[in-house]
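Sequence lines, in order, name chains A and B.
The first sequence: position 72 = 72 (this note's numbering), numbered continuously.
Start counting at 1 in the second sequence, then tack on 161, and there's your number in this note's numbering.
Every residue, glycine too, gets a C-beta built ideally from N, C-alpha and C.
Written below as structure tokens is the structure these notes are about.
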Amino acid sequence: MRTSVAGVRRPAMPGSRWAAKFGAMPVAKSVAMLAAVAVGAVLLELFDPATSGIFPPCPFRYLTGWYCPGCGSLRAIHQLLHGNLRAAWALNPLTVVLLPFLTYGLASSVLFELHGRGLPQPFLRAAWIRALCAAIILFGIARNLPMHPFDLLAPGATLLR
Amino acid sequence: MFCPQCGANNADTAVVCAQCGRNLQTAAPAAPLQVSGTVQPPVVAVQNYLVFAILATVFCCLPAGIPAIVYAAQVNGKLQMGDVAGAQVASNNAKMWCLISGGLGLAWVGIIAIYAILIMVGVLSGIHAN
Chain A
1 MRTSVAGVRR
11 PAMPGSRWAA
21 KFGAMPVAKS
31 VAMLAAVAVG
41 AVLLELFDPA
51 TSGIFPPCPF
61 RYLTGWYCPG
71 CGSLRAIHQL
81 LHGNLRAAWA
91 LNPLTVVLLP
101 FLTYGLASSV
111 LFELHGRGLP
121 QPFLRAAWIR
131 ALCAAIILFG
141 IARNLPMHPF
151 DLLAPGATLL
161 R
Chain B
162 MFCPQCGANN
172 ADTAVVCAQC
182 GRNLQTAAPA
192 APLQVSGTVQ
202 PPVVAVQNYL
212 VFAILATVFC
222 CLPAGIPAIV
232 YAAQVNGKLQ
242 MGDVAGAQVA
252 SNNAKMWCLI
262 SGGLGLAWVG
272 IIAIYAILIM
282 VGVLSGIHAN
């Protein structure tokens, strides 16, 4: 499979002058990205979102009462950082599946900002991305259904058994 | 404007692309890359922001993250058809929705933080009042 490698570094989008300036600072951008990930990881390592109040609730769940596809993802990452794959899977299997790809993609973005060239990535056909989008939405719907076995997809449902 | 051939950013008044020399005045559509059922990966890479779109959907704000993913798919769809200019437009939209989702997520964190501070201040002043 051929890989599409990020080509020329694209200039900043037209927007505010601050954004244009910031977009033209690849080092600042990648440092900010890495810092955000590092701070998030340290906070999630130290505090369990299930019991500590320092993490904001999911806005979608707060406003609608329904689970979103990402509900349980912070708790899942906390469990992953503590080596509990089973608990993480029970809290949000979608996050567990996507996290390696997201990590790789973020690393690629940082490298792209610094070197103008990211990590090799297969070209994803539009249909695959649409399928992924549909899967995320369907997962979000399914975990709200009150009947078996869909209720097992609710965050942490299988941990209570 | 972005050169339809190499994707380089040029001044809107540019006659030819500064990078590859393509004539920018006559925007002839690029030949489709799809030949006999096989999709060839395009030579030009246009950012689809898919990683950030998924991050935005799962960690920030679902309603604004979904359009970002849809536009990310559109970027690659246009690239499959050889429409680099169209892909660039979709790319800008994908980026915009990622930023909207990120902004809403940050705003939510801000609202919750202010709420928490107000409760703390309220509790403290309550203690003092008693």
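When burial is assigned at 16 or more other CB atoms within 10 Å of the CB, is residue i buried or exposed?
i	result
serine 252/B	buried
glutamine 195/B	Caution is warranted here: a pLDDT of 49 is assigned to glutamine 195/B, below 50, making its placement in the model unreliable, and the coordinate value is therefore given only provisionally. With fewer than 16 Cβ atoms within 10 Å of its Cβ, glutamine 195/B is classed as exposed.
proline 190/B	Because the pLDDT at proline 190/B is just 46, under 50, the model does not fix this residue reliably, and the point stays unresolved.
isoleucine 272/B	exposed
tryptophan 128/A	exposed
histidine 78/A	buried
threonine 95/A	buried
methionine 25/A	exposed
proline 149/A	exposed
methionine 242/B	buried
valine 27/A	exposed
alanine 135/A	exposed
threonine 218/B	buried
Can you tell which of the options has its C-alpha closest to the C-alpha of residue i?
i	options	result
alanine 142/A	Ala154/A, Thr64/A, Leu43/A	Ala154/A
leucine 145/A	Trp128/A, Trp66/A, Ala32/A, Pro120/A	Trp66/A
proline 59/A	Met281/B, Ser262/B, Val250/B, Trp269/B	Trp269/B
tyrosine 276/B	Gly72/A, Pro56/A, Ala50/A, Gly40/A	Pro56/A
leucine 211/B	Pro122/A, Phe150/A, Gly140/A, Leu159/A	Pro122/A
alanine 233/B	Ala274/B, Cys222/B, Lys256/B, Leu279/B	Lys256/B
alanine 171/A	Pro100/A, Ile137/A, Cys71/A, Phe101/A	Nothing in the structure corresponds to residue 171/A, since chain A is present only between 1 and 161.
proline 120/A	Ile227/B, Val231/B, Ala206/B, Gln235/B	Ala206/B
isoleucine 230/B	Leu138/A, Met147/A, Ala157/A, Arg130/A	Arg130/A
cysteine 68/A	Thr51/A, Ser52/A, Asn92/A, Gly53/A	Asn92/A
isoleucine 278/B	Ile137/A, Gly53/A, Phe47/A	Gly53/A
leucine 46/A	Thr64/A, Ser30/A, Ala28/A, Leu74/A	Leu74/A
asparagine 171/B	Ala246/B, Leu285/B, Met281/B, Val219/B	Ala246/B
leucine 223/B	Leu260/B, Val284/B, Gly283/B	Leu260/B
- Given a limit of 8 Å on CB to CB distance, which residues of the region 31 to 62 of chain A reach chain B? Under the 8 Å Cβ criterion, the region 31 to 62 of chain A contributes Gly53, Pro56, Pro57, Pro59, Phe60.
- Query: Counting only runs that start and end within the region 32 to 74 of chain A, where is the alpha helix (DSSP H) found for 4 or more residues in a row?
  - Reply: Whole alpha helix (DSSP H) segments, 4+ residues: 59 to 64.
- Taking only beta carbons into account, state which residues of the region 129 to 152 of chain A come closer than 8 Å to chain B, listed in chain order. Residues Ile129, Arg130, Leu132, Cys133, Ile136, Ile137, Gly140.
- With a cut-off of 8 Å, do at least 3 Cβ pairs link the region 75 to 93 of chain A to the region 105 to 116 of chain A? Taking 8 Å as the limit for Cβ pairs, the verdict is that the region 105 to 116 of chain A does not touch the region 75 to 93 of chain A.
- Message: Along the region 237 to 261 of chain B, where does the CB come closer than 7 Å to a CB of chain A? Name the residues.
- Response: Of all residues in the region 237 to 261 of chain B, Asn237, Gly238, Gln241, Asn253, Lys256 have a Cβ within less than 7 Å of some Cβ in chain A.
- Message: Using a Cβ-Cβ cutoff of 7 Å, what residues of the region 98 to 119 of chain A are near chain B? List them in chain order.
- Response: Along the region 98 to 119 of chain A, the positions whose C-beta sits under 7 Å from a C-beta of chain B are Leu98, Leu102, Gly105, Leu106, Ser109, read in chain order.
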